[in-house]
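Enquirer: All residue numbers for the sequence shown refer to UniProt numbering, where the first residue is 1 and numbers rise by one. Where is the CB? At the ideal position from N, CA and C, for every residue including glycine.
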Amino acid sequence: CSMDYVRFNGVCYKSFRAWITRDEARQACEADGAMLAMPKDSETNAFLASLPEVTGGRWLGVTDTNADGQWVLEDGQTLTYSNWKNNEPNDGNICASFYSTIATWDSRLCSHQKGYICQRNEGIT
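Structure follows, in structure tokens:
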């Protein structure tokens, strides 16, 4: 992995401290040749949560853009693994993030500002 990304299970990840909206985070990842991170299993979720600078939460590549309870990953796949905090997700909050410094997920308004985690597939520089 290049540019300070860290490899886990064949995917490269990087955590960013800048507090920006979810859409700005998506654009920032795209500008870096990446996508917002998609924790598809508990091992990846735990790894992402262990990345530095996670205070205040980080945007993830998980959304419910139709607000119909069907959460989808950034790559278009239907969400099969999740790690929601108790009483989450909340109605009307359609963007997912890590809750503070722990590995559970929180649903938030996409206009909230948080840090974010990007991922790039192996071989993409």
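Under a Cβ-count criterion, where at least 16 other Cβ atoms within 10 Å of its own Cβ denotes burial, should residue 68 be classed as buried or exposed?
Expert: Residue 68 is exposed by the Cβ-count criterion.
Enquirer: Give every residue of the same chain whose Cβ lies closer than 8 Å to the Cβ of residue 65, excluding the five residues on either side of it in the sequence, and list them in chain order.
Expert: Closer than 8 Å at the Cβ level, and outside the excluded window around residue 65, lie 72, 94.
Enquirer: Nearest to residue 59 by CA position, among 1, 6, 9, 26, is which residue?
Expert: Measuring from the Cα of residue 59, the nearest candidate turns out to be 26.
Enquirer: Which residue from 49, 44, 8 puts its Cα closest to that of residue 16?
Expert: Nearest C-alpha to residue 16: 49.
Enquirer: Could you check what DSSP says for residue 78 in three-state terms: helix, strand or coil?
Expert: DSSP places residue 78 in strand when its eight states are reduced to three.
Enquirer: On the criterion of 16 or more Cβ atoms from any shown chain inside 10 Å, does residue 101 qualify as buried, or is it exposed?
Expert: Flag for residue 101 reads exposed.
Enquirer: Considering only heavy atoms of the ligand ATP, does any lie closer than 7 Å to the CB of residue 13?
Expert: The ligand ATP is not part of the structure shown, which contains no ligands of any sort.
Enquirer: Given a cut-off of 8 Å on the beta-carbon distance, is the pair residue 38 and residue 61 in contact?
Expert: Closer than 8 Å, so yes.
Enquirer: Give me the Cβ distance between residue 5 and residue 117, rounded to the nearest whole Å; I'm assuming they're in contact under 8 Å.
Expert: About 10 Å separates the two Cβ atoms, so there is no contact after all.
Enquirer: Along the chain, which unbroken stretches of the beta strand (DSSP E) at least 3 residues long are found entirely within the UniProt domain "C-type lectin" (8-119)?
Expert: If we require 3 residues or more, the beta strand (DSSP E) runs fully inside the UniProt domain "C-type lectin" (8-119) come out as 11-20, 58-63, 95-98, 105-108.
Enquirer: Can residue 106 and residue 97 be called in contact, C-beta distance under 8 Å?
Expert: For residue 106 and residue 97, yes; Cβs fall inside 8 Å.
Enquirer: Going by Cα to Cα distance, which pick from 111, 3, 120, 35 is closest to residue 19?
Expert: Nearest of 111, 3, 120, 35 to residue 19, Cα basis: 111.
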